[in-house]
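Heads up: the sequence shown at position 76 corresponds to 75 in numbering that gives the first Met the number 0, and the numbers run straight through without jumps. Glycine included, each C-beta is placed from N, C-alpha and C at the ideal position. Below: the structure, in C-alpha cells.
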Amino acid sequence: MRSCVGTTEYRGRLLPIFQSDESYLKTSDVKKDGNINLEKTPSAIITINYNGIMFALTMETHVGIVSVNPASNQKTEVSVEDENTSDLLKDIVWYGEQNLFIFSPEKYLL
Numbered sequence: 000m001r002s003c004v005g006t007t008e009y010r011g012r013l014l015p016i017f018q019s020d021e022s023y024l025k026t027s028d029v030k031k032d033g034n035i036n037l038e039k040t041p042s043a044i045i046t047i048n049y050n051g052i053m054f055a056l057t058m059e060t061h062v063g064i065v066s067v068n069p070a071s072n073q074k075t076e077v078s079v080e081d082e083n084t085s086d087l088l089k090d091i092v093w094y095g096e097q098n099l100f101i102f103s104p105e106k107y108l109l
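In C-alpha cells, the structure reads:
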C-alpha cells in the first residue's frame with residue numbers, strides 16, 4: 000500500500016502504519032533517500048478508529064489530536080483540490096513556519 004511503512008499490534012488488532020508526510024500523495028513517486036536515518040524516523044504513532052476501520056499515522060511533532068463526530072451524509076467542500084493529493088487529505092495550512100497536513104478519514108469513507 001502506498002506510504003505504508005509497516006504494521007503494529009494495537010489492542011489485539013494488526014494496524015497498518017502510514018508515513019504522514021507521504022500519505023497525502025496519490026502517487027508513489029515520493030523521492031526516497033537510500034540511507035535510513037533512525038534519528039529522523041518519527042518515534043510516535045497515532046491510531047485512528049473511524050467506524051471500526053483502524054489505522055495508524057506516524058507523527059514527528061505533536062500539535063494536537065481532535066476527535067470529531069461523523070457528519071451526516073452531507074458532502075462538504077474542501078480547499079485542497081489537486082489531482083495528485085489523496086482523498087485522506089482535508090487541508091494544508093501554514094502553522095509555525097511549517098506546513099500542517101490535516102487528514103480526514105471521514106472524507107475518504109463518505
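- V92 has L99 as its beta-bridge partners, per DSSP.
- Per DSSP, the unbroken beta strand (DSSP E) holding N48 starts and ends at A43 to Y49.
- The beta-carbon separation of I52 and I16, rounded to 15 Å, does not stay under the 8 Å limit for a contact.
- Per the coordinates, the alpha-carbon of L13 lies some 24 Å from the alpha-carbon of I101.
- L56 is classed as buried because its beta carbon has at least 16 other beta carbons within 10 Å across all chains shown.
- Taken atom to atom, the span from the alpha-carbon of Y9 to that of I47 is near 11 Å.
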